[in-house]
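This report refers to the structure that appears directly beneath it.
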């Protein structure tokens with residue numbers, strides 16, 4: 001792989017697999033590129049909620065808007081410039097506030113492979 005720069009407009013957003021909420025993800029680098037991590041962007045519409053057990057270690061950077069991540073340990077709310085780390089195996093509920101949120105993410109290992117199986 002070579003050094004690459006990406007912008008939000010490079011992401012081809014698809015509905016986040018396995019859920020019905022108005023939440024979309026777009027991988028920019030993933031298992032098809034031969035790297036060890038998946039990176040991409042996410043878009044969460046206003047008033048959305050997603051509950052899942054993390055199949056991968058996920059680091060999410062909030063670019064615009066606000067969202068909350070709740071676990072059995074409590075809730076963290078994040079806005080532009082904040083980073084949320086969600087470890088593999090943790091049950092989380094991600095909820096958008098206000099206008100929704102745009103995020104960038106890095107997962108290890110690749111989330112698409114982890115959801116296959």
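In full-length UniProt numbering, the protein residues as written are 1 to 117. Built from N, CA and C at the ideal position, the CB exists for glycine as well. Small disclaimer: the values here were computed from a predicted structure and weren't measured.
### Query
Under 8 Å, do residue 108 and residue 56 count as touching if we go by C-beta distance?
The answer is yes: Cβ separation under 8 Å.
#### Entry: Alpha-carbon spacing of residue 82 relative to residue 1, whole angstroms
28 Å
### Message
Let's see if you can read the secondary structure: which residues bound the beta strand (DSSP E) around residue 97?
### Response
91-108
### Message
To the nearest angstrom, how far is the alpha carbon of residue 93 from that of residue 5?
### Response
31 Å
### Message
So, at 7 Å on beta carbons, what are the nonlocal neighbours of residue 123 in its own chain, with the 5 sequence-adjacent residues on each side left out?
### Response
Outside the shown range of the chain, which is 1 to 117, sits residue 123, and nothing can be said about it.
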